[in-house]
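In the numbering used here, the protein residues as written are 22 to 252.
Okay, here's the thing in structure tokens:
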């Protein structure tokens, strides 16, 4: 038997309700509120919504190696970043302060996206890299650096990053020496490092201190009284 007019009207009303709800559906939230009070648009990050305190707080609580390291504390991205800047300066002692700052900030985007291990980054492909690049550009602009790091400096920072990863792998992550050499290559000659993972509050403080020292040395800020020397 055919559907009654009343039944047709009821069906039509229900369908219209579904259409209306679809048209007025609130889009998913694409921003994150930081402890500073800033709201960072995750898809179109603005330099004006980026603060070093938020970066340091986040990085000090993001663990390298997905937390699969020995010790009482995870080895944080904040502590890793301070070491990478130190290694970069060891490799190239005349490295300009602004590029040492770039080395310190090389993983700053991870305060939002986390420290994804390299194999997973490769699996995600271009979309992840595009998002990471937009965030890195905004961070650089916020703190006075060019959006894009010169290739030679980028290569140097990558070398320092891999050297730090070598020490982390052998001392904290359970890698054999030969395995680490095969993956990361040898650390720079004359440089040795004993890693002791710091608690988050200490890693955070050291990151912020180093940021201000390098920012002043690069001429990006003029606050008095450096916490410690650049050398």
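By construction, the Cβ of each residue, glycine as well, lies at the ideal position given by its N, Cα and C atoms.
CA nearest to the CA of residue i, picked from the options
i: residue 163; options: 232, 101, 212; result: 232
i: residue 192; options: 242, 213, 179, 209; result: 213
i: residue 124; options: 107, 188, 131, 135; result: 107
i: residue 179; options: 238, 211, 239, 206; result: 206
i: residue 94; options: 131, 136, 224, 242; result: 224
i: residue 210; options: 52, 109, 68, 87; result: 109
i: residue 204; options: 71, 132, 186, 129; result: 186
i: residue 208; options: 148, 229, 105; result: 105
i: residue 256; options: 54, 53, 56, 70; result: Coverage of the chain is limited to positions 22 through 252, which leaves residue 256 absent and any answer about it impossible.
i: residue 129; options: 87, 89, 72, 113; result: 72
i: residue 219; options: 184, 96, 150, 134; result: 96
i: residue 115; options: 177, 90, 215, 228; result: 177
i: residue 168; options: 54, 53, 68; result: 68
i: residue 238; options: 74, 117, 60; result: 117
i: residue 226; options: 76, 89, 61, 54; result: 76
i: residue 201; options: 216, 133, 150, 184; result: 184
i: residue 59; options: 133, 228, 86; result: 133
i: residue 51; options: 86, 57, 152; result: 152
i: residue 92; options: 215, 56, 228; result: 215
i: residue 74; options: 230, 242, 49, 87; result: 230
i: residue 217; options: 242, 241, 188, 228; result: 188
Anticipated Cβ contact below 8 Å, residue i with residue j, distance rounded
i: residue 235; j: residue 122; result: 4 Å
i: residue 182; j: residue 111; result: About 13 Å separates the two Cβ atoms, so there is no contact after all.
i: residue 253; j: residue 119; result: Residue 253 lies beyond the residue range present for the chain, which begins at 22 and ends at 252; the question has no answer from this structure.
i: residue 66; j: residue 154; result: Incorrect: roughly 11 Å between the Cβ atoms, too far for contact.
i: residue 136; j: residue 84; result: 7 Å
According to DSSP, residues forming a beta bridge with residue i
i: residue 62; result: 52
i: residue 84; result: 97
> Going along the chain, which unbroken runs of the alpha helix (DSSP H) with 4 or more residues stay wholly within the segment 88-133?
Replying inline: 98-112, 118-125
> So does the segment 98-107 actually touch the segment 190-200, counting three or more Cβ pairs closer than 8 Å?
Replying inline: no
> Do the segment 170-183 and the segment 75-84 touch if we need at least three Cβ pairs shorter than 8 Å?
Replying inline: no
> Which runs of the beta strand (DSSP E) fall wholly inside the segment 193-223 and span at least 3 residues, in chain order?
Replying inline: none
> In chain order, which alpha helix (DSSP H) runs of at least 4 residues are fully inside the segment 160-196?
Replying inline: 172-192
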